[in-house]
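K.L.:
Here you go, one structure.
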Amino acid sequence: MITRMSGFVAMGFFPLLPHSSFTMATMIQFLMFSLYGMGWNTIGGYGGQVDLGKAQYVGIGAYTTAVMLIRWDIPFWISMPIGVCLAVLWSFVIGYPLFRLRGHYFAIATIATSLVLKDLFEVWDFVGAARGLEISPIKYRSPDFLRLIFKEDIYYYYVICVFFFLGILYINWFRRSRLGFQLRCIKDNEDVARSLGINVHWAKIKTYAIATAFVSMVGSFHACYIKNIEPEDTMSLEISILIALMAMLGGAGSLWGPIIGAAVMVPMKNYLKAVLGAKAGLLGIDLIVYAGIIMLVSALEPRGLWGMIERLRGRRAKS
148 MITRMSGFVA MGFFPLLPHS SFTMATMIQF LMFSLYGMGW NTIGGYGGQV
198 DLGKAQYVGI GAYTTAVMLI RWDIPFWISM PIGVCLAVLW SFVIGYPLFR
248 LRGHYFAIAT IATSLVLKDL FEVWDFVGAA RGLEISPIKY RSPDFLRLIF
298 KEDIYYYYVI CVFFFLGILY INWFRRSRLG FQLRCIKDNE DVARSLGINV
348 HWAKIKTYAI ATAFVSMVGS FHACYIKNIE PEDTMSLEIS ILIALMAMLG
398 GAGSLWGPII GAAVMVPMKN YLKAVLGAKA GLLGIDLIVY AGIIMLVSAL
448 EPRGLWGMIE RLRGRRAKS
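Residue numbers (the numbering used here): 148 to 466.
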């Protein structure tokens, strides 16, 4: 408990310490991917359903906020809930048939739906088609807390920090809720869950909607933070895979797993792309490193990095 509280306090004081713009951007991305991972973990970790299509909901949230701000000057705090509602509605539309599938078939189907939606956005002129949308910060007076337009990243940092802490509180409640226990039963054995009276299909759909709400909310923040939204960047398969990998690396099905995974992979991703990718010309080296780390951790501890921490704590308690 003391370690966790000291970590939260350190996060609060981080912007006051000497840091570079690269470090600040990395911290913001760490918090964003932690939230993405928390959302994925509800359906992927507790429910055991490997979803590789979360980027479509990042895109729905981001495009809803960007379109409403650019075309109608609607503030972030209104467009973000609307984006979440649209994303959740879409999750219900595709979730009903998707959860008739199991295992690899489900994972492949989530990839397919995400790529189809990405291709649709690339030809849809209303959302900028392949060229995307750009939010012009010079049109607004900074800091603008209504529209979430800031010149300094410190404001974005504290906003996403609030989302981060609220996300932890919600997931901590969720895993102890009735739905959380139902999901773990479903993950262990769906047939047994049905025999206990659990509506397996509906439990999966509800959890999928919760995961979608998390991801689309951060997608709306992403639009205001990045200010340049393109389907290729916002809705790419790489984003979906990174979200799943971070949660699995840290420890799927645990509260802290997605956070630990993001803490390891986000700085590594940025560093490898900046140093080995751009400077050394080794494009794609980051993906090779990710794969190597995942294979190594999986071989040592299937529960991920959090499983390793739990094992070490158990040994220390015995000694």
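For every residue, glycine included, the Cβ atom is placed at its ideal position computed from N, Cα and C.
Go ahead and pull the three-state DSSP assignment for Asn417.
P.N.:
Taking the first residue of the sequence shown as position 1, residue 417 is located at position 270. Helix.
K.L.:
Buried or exposed: which applies to Phe268, given that a residue is buried once 16 or more other Cβ atoms fall within 10 Å of its Cβ?
P.N.:
As a first step, residue 268 is located in the sequence shown; it is residue number 121 there, counting from the start. It counts as buried.
K.L.:
Inspect the beta-carbon positions of Leu264 and Val214 and report whether they are closer than 8 Å.
P.N.:
The residue labelled residue 264 in the question sits at position 117 within the sequence shown. The residue labelled residue 214 in the question sits at position 67 within the sequence shown. No, Cβ-Cβ distance for Leu264 and Val214 is not below 8 Å.
K.L.:
Just mark Ile255 as buried or exposed, buried being the case when its beta carbon has 16 or more other beta carbons within 10 Å.
P.N.:
To locate residue 255, count along the sequence shown from 1; it is residue 108. Answer is exposed; the Cβ neighbour count stays below 16.
K.L.:
Report buried or exposed for Pro378, applying the criterion of at least 16 other Cβ atoms within 10 angstroms of its Cβ.
P.N.:
For the purposes of this step, residue 378 is identified with residue 231 of the sequence shown, where counting begins at 1. Label assigned to Pro378: buried.
K.L.:
Below 8 Å on the Cβ atoms is my guess for Gly398 versus Gly454; work out the distance and round it to an integer in Å.
P.N.:
Here residue 398 refers to the residue found at position 251 when the sequence shown is read from its first residue. Here residue 454 refers to the residue found at position 307 when the sequence shown is read from its first residue. At roughly 5 Å, the Cβ-Cβ gap stays under 8 Å, so Gly398 and Gly454 are in contact.
K.L.:
Would Tyr305 be called buried (16 or more neighbouring beta carbons within 10 Å of its own) or exposed?
P.N.:
Against the sequence shown, residue 305 aligns to sequence position 158. Exposed, by the Cβ-count rule.
K.L.:
Quick one: Cα of Tyr303 to Cα of Ser289, how far?
P.N.:
For the purposes of this step, residue 303 is taken as the residue at position 156 of the sequence shown. For the purposes of this step, residue 289 is taken as the residue at position 142 of the sequence shown. Cα-Cα distance, rounded: 12 Å.
K.L.:
Measuring straight from C-alpha to C-alpha, what distance separates Ile388 and Phe180?
P.N.:
In the sequence shown, the residue the question calls residue 388 occupies position 241. In the sequence shown, the residue the question calls residue 180 occupies position 33. About 12 Å.
K.L.:
Within 10 angstroms of the Cβ of Gly460, are there 16 or more other Cβ atoms? Answer buried if so, exposed if not.
P.N.:
Taking the first residue of the sequence shown as 1, we reach residue 460 at position 313. One detail in the question is off: residue 460 reads as Arg in this sequence, not Gly. Flag for Arg460 reads exposed.
K.L.:
From Ile225 to Val339, what does the alpha carbon distance come to, in whole angstroms?
P.N.:
One-based indexing of the sequence shown puts residue 225 at position 78. One-based indexing of the sequence shown puts residue 339 at position 192. Taking the straight line from one Cα to the other gives about 43 Å.
K.L.:
State yes or no: is the C-beta of Val362 within less than 8 Å of the C-beta of Val205?
P.N.:
If you number the sequence shown from 1, residue 362 lands on position 215. If you number the sequence shown from 1, residue 205 lands on position 58. Yes.
K.L.:
Please list, in chain order, all residues of the same chain as Met412 whose beta carbon is under 6 Å from its beta carbon, the five residues on each side excluded.
P.N.:
In the sequence shown, the residue the question calls residue 412 occupies position 265. Excluding sequence neighbours, Met412 sits near Met393.
K.L.:
Whole angstroms is fine: what's the gap from Ile229's alpha carbon to Leu163's?
P.N.:
On the sequence shown, residue 229 is found 82 positions in, with the first residue counted as 1. On the sequence shown, residue 163 is found 16 positions in, with the first residue counted as 1. If I take the Cα positions, the gap works out to 34 Å.
K.L.:
Are there 16 or more other CB atoms within 10 angstroms of the CB of Tyr437, so buried, or fewer, so exposed?
P.N.:
Indexing the sequence shown from 1 puts residue 437 at position 290. Answer is buried; the Cβ neighbour count reaches 16.
K.L.:
Indicate whether Gly242 and Ile352 have their beta-carbon atoms separated by less than 8 Å.
P.N.:
Residue numbering aside, residue 242 sits at position 95 when the sequence shown is read from its first letter. Residue numbering aside, residue 352 sits at position 205 when the sequence shown is read from its first letter. In contact: Gly242 and Ile352 (Cβ atoms closer than 8 Å).
K.L.:
To the nearest angstrom, report how far apart Phe292 and Met415 are at their CA atoms.
P.N.:
Looking up residue 292 in the sequence shown gives position 145. Looking up residue 415 in the sequence shown gives position 268. So the two alpha carbons sit approximately 31 Å from each other.
K.L.:
Jot down the residue ranges of each uninterrupted alpha helix (DSSP H) in the stretch 234-299, minimum 4 residues, whole runs only, in chain order.
P.N.:
250-270, all fully within the stretch 234-299.
K.L.:
Whose C-alpha, out of Thr212, Phe253 and Phe223, is nearest the C-alpha of Tyr355?
P.N.:
Here residue 355 is taken as the residue at index 208 of the sequence shown, counted from 1. It is Phe253 whose Cα lies nearest to the Cα of Tyr355.
K.L.:
For Ile376 versus Ala209, is the C-beta distance shorter than 8 Å?
P.N.:
Numbered from 1 along the sequence shown, position 229 holds the residue referred to as residue 376. Numbered from 1 along the sequence shown, position 62 holds the residue referred to as residue 209. Yes, Cβ-Cβ distance for Ile376 and Ala209 is below 8 Å.
K.L.:
Considering Cα atoms alone, identify which of Gly154, Gly184 and Phe297 is closest to Ile386.
P.N.:
Taking the sequence shown and counting its residues from 1, the one referred to as residue 386 is at position 239. Taking only the C-alpha atoms, the option nearest Ile386 is Gly184.
K.L.:
Kindly indicate which three-state DSSP category Asn319 falls into: helix, strand or coil?
P.N.:
Numbered from 1 along the sequence shown, position 172 holds the residue referred to as residue 319. In this structure, Asn319 counts as helix in the three-state DSSP scheme.
K.L.:
For Trp187 and Ile221, I'd like the C-alpha separation in whole angstroms.
P.N.:
Taking the sequence shown and counting its residues from 1, one reaches residue 187 at position 40. Taking the sequence shown and counting its residues from 1, one reaches residue 221 at position 74. In a straight line, the C-alpha of Trp187 is about 29 Å away from that of Ile221.
K.L.:
Give me the Cα-Cα distance between Thr211 and Lys334, rounded to the nearest whole angstrom.
P.N.:
For this step, residue 211 is matched to residue 64 along the sequence shown. For this step, residue 334 is matched to residue 187 along the sequence shown. Approximately 33 Å between the Cα atoms of the pair.
K.L.:
What does DSSP give as the partner residue(s) for Ile376 in the beta ladder?
P.N.:
Within the sequence shown, the letter at position 229 stands for residue 376. Answer is Leu280.
K.L.:
How about Ser261 and Ala202: are their beta carbons less than 8 Å apart?
P.N.:
For the purposes of this step, residue 261 is identified with residue 114 of the sequence shown, where counting begins at 1. For the purposes of this step, residue 202 is identified with residue 55 of the sequence shown, where counting begins at 1. Contact: yes.
K.L.:
Tell me the rounded alpha-carbon separation between Ile258 and Met442.
P.N.:
By 1-based counting over the sequence shown, the position of residue 258 is 111. By 1-based counting over the sequence shown, the position of residue 442 is 295. Approximately 22 Å, taken between the alpha carbons.
K.L.:
Helix, strand or coil, according to DSSP, for Pro165 in the structure here?
P.N.:
Within the sequence shown, numbered from 1, the residue matching residue 165 stands at position 18. Here Pro165 sits in coil by DSSP.
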